[in-house]
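Contents: one structure, followed by commentary.
Numbering (the numbering used here), first residue to last: 235 to 487.
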């Protein structure tokens, strides 16, 4: 298994997409945290409901972008081998397809975790540098950081699952970029508009926000804590599982 993991890491690091996809979330993390901290300085007299004050909004924005790009990374990493038919060699040189797929998911999650840690570090540094008042890492903020990393990893597995399911990096990436910021909002609005009720509590993006909020976001449109993380994990396991099963049965030339 160690050999397979090493092989998967080399496949990722020999291509440019792994570090190229890390640049936008880091840039957003720096910009959003610096701007939010500056706004918080000018509105310090107003009470903000979330722990950490208004400045923490920058970290929420940074993590949101990180999740989307981690999912795109997963889609590219999961689907690229089908485009170039290198998946055939991977399967032929291993004792089972399951080991190859498990290694791919494991490496995807590892890189996504690295994305999340990097963005959280640069965002916290910006909050410390630009906040006029001392920024304290309270228990609520530490919980948010931990759940942020959890959500980033889950989204990377969703992306990898879609890449394996469709056998391509392109359409899964397009679906993620379309669904994550806009598609889910449009879909839930349409469903609600035709009288089928509020489905946002079980949709992945809403579950993500409720998960990272660690119980501080109280609304009928979000799953309550601590159910939300389990709901998000179900999405991750379902999509990853579908990709896994499809890849096991797929004809490879």
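Where is the CB? At the ideal position from N, CA and C, for every residue including glycine. As the structure is a prediction and not an experimental result, all values here were calculated from the model.
Proximity winner among the options, relative to residue i (alpha-carbon distances)
{"i": "residue 352", "options": "340, 382, 417 and 337", "result": "382"}
{"i": "residue 481", "options": "244, 387 and 402", "result": "402"}
{"i": "residue 298", "options": "336, 247, 423 and 357", "result": "357"}
{"i": "residue 343", "options": "463, 452, 320 and 385", "result": "385"}
{"i": "residue 250", "options": "310, 293, 388 and 471", "result": "310"}
{"i": "residue 263", "options": "236, 296, 246 and 273", "result": "296"}
{"i": "residue 336", "options": "427, 475 and 412", "result": "475"}
Range covered by the alpha helix (DSSP H) that runs through residue i
{"i": "residue 301", "result": "290-318"}
{"i": "residue 426", "result": "418-427"}
{"i": "residue 439", "result": "438-447"}
{"i": "residue 405", "result": "404-412"}
{"i": "residue 246", "result": "236-247"}
Cα-Cα separation between residue i and residue j, rounded to whole angstroms
{"i": "residue 265", "j": "residue 362", "result": "13 Å"}
{"i": "residue 256", "j": "residue 347", "result": "11 Å"}
{"i": "residue 391", "j": "residue 269", "result": "31 Å"}
{"i": "residue 377", "j": "residue 345", "result": "21 Å"}
{"i": "residue 421", "j": "residue 415", "result": "12 Å"}
{"i": "residue 449", "j": "residue 380", "result": "13 Å"}
{"i": "residue 238", "j": "residue 339", "result": "11 Å"}
{"i": "residue 317", "j": "residue 334", "result": "17 Å"}
{"i": "residue 395", "j": "residue 405", "result": "12 Å"}
Three-state secondary structure assigned by DSSP to residue i
{"i": "residue 474", "result": "helix"}
{"i": "residue 383", "result": "helix"}
{"i": "residue 480", "result": "helix"}
{"i": "residue 460", "result": "coil"}
{"i": "residue 282", "result": "For residue 282, the predicted structure reports a pLDDT of 49, less than 50, and the residue's modelled location is therefore unreliable. A value from the coordinates is still provided. The answer is coil: DSSP assigns residue 282 none of H, G, I, E or B."}
{"i": "residue 452", "result": "coil"}
{"i": "residue 330", "result": "coil"}
Output the residue ranges of the beta strand (DSSP E) runs that lie fully inside the region 338-377 and measure 3 residues or longer, sorted by chain position.
-> Listed in chain order, the beta strand (DSSP E) elements of length 3 or more contained wholly in the region 338-377 amount to none.
Runs of alpha helix (DSSP H) lying entirely within the region 253-277, each at least 4 residues, in chain order = The DSSP assignment places 257-276 as complete runs of the alpha helix (DSSP H) inside the region 253-277, in order along the chain (cut-off: 4 residues).
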